[in-house]
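Heads up, our numbering is the position in the sequence shown plus 23, with the first residue counted as 1.
Inspection log for the structure reproduced underneath, given as structure tokens.
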Amino acid sequence: MNVPETFFSTSEEIFLFGISCLFGVIIGVCYDVFRTARILFPHNTVLVVIEDVVFMAGYAVFLSSFATVCARGELRFYYIVGNAIGFIVYFFTLGSVVIGTMKKIYFFVIKILGIIFRPFRSVYVNLQEKADKFVGSSKNSVKRNKKSSFLLLNPTRLLYNRKENKKRKNVNSVAEKDKGKDKSKIKAKKPV
């Protein structure tokens, strides 16, 4: 009867540790994708936290897959240590070079686009200044017009504001006075 091995030999564990170190480099490359996105599109702290949570969730899926495929489902602490060593080595060597290069490329492209769009920018700034001046002056004229009374119609010419006995009556006050009177005594008034 042939019994399968239930443990790894030392050479197999060293091999798994080496593979986990190499996968740590791949994890570093994946993290550089997030860092590059942060360079290209500035993030606030909430988005950075969300990206880090997504990265760590992806790492958890990777680690369980690694343990299932390469290590017969056994999760060992030295897999995580190997991933961390590979990640740190990549991060401080090749990763810093990659990110530095990405920053230089990004700022170079921004500079070139700034040169290309400089004439359009000056036109836009001039239009913006004129629009601000126009909006400011129009707001001032609206304020002045609201303060003046010539915009309103003469209130004595309106039907519901007719003057009788030098007292101003509107619809509400007429209705309140007529509550106690008999309806037959109320005469219809002709409009002017």
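Beta carbons are placed, not taken as given, at the ideal position from N, Cα and C, and that holds for glycine.
So residue i is in the alpha helix (DSSP H); what residue range does that whole segment cover?
| i | result |
| --- | --- |
| residue 90 | 68-93 |
| residue 96 | Element bounds for residue 96: n/a, residue is neither H nor E. |
| residue 240 | Nothing about residue 240 can be reported from this structure: the residues present for the chain run from 24 to 215 only. |
| residue 116 | Run containing residue 116: none; DSSP gives neither H nor E here. |
Evaluate residue i with the Cβ neighbour count: other Cβ atoms within 10 Å of its Cβ, from every protein chain shown; 16 or more gives buried, anything less gives exposed.
| i | result |
| --- | --- |
| residue 115 | exposed |
| residue 50 | buried |
| residue 118 | buried |
| residue 113 | buried |
| residue 48 | buried |
| residue 150 | exposed |
| residue 39 | buried |
| residue 198 | Its pLDDT being 47, under 50, residue 198 is placed unreliably by the model, and nothing is read from it. |
So, under 8 Å CB-CB, residue i and residue j are touching, yes? Tell me the CB distance rounded to an integer number of Å.
| i | j | result |
| --- | --- | --- |
| residue 55 | residue 148 | With a Cβ gap of about 37 Å, residue 55 and residue 148 do not count as contacting. |
| residue 57 | residue 78 | 6 Å |
| residue 81 | residue 90 | The pair is not a contact, with the Cβ atoms about 15 Å apart (cut-off 8 Å). |
Segment contact flag, the segment 41-49 with the segment 94-106, C-beta cutoff 8 Å, min 3 pairs: yes
The segment 129-139 / the segment 68-75 touching (three or more Cβ pairs under 8 Å): no
Touching by the beta-carbon criterion (3+ pairs, under 8 Å), the segment 121-128 and the segment 47-66: yes
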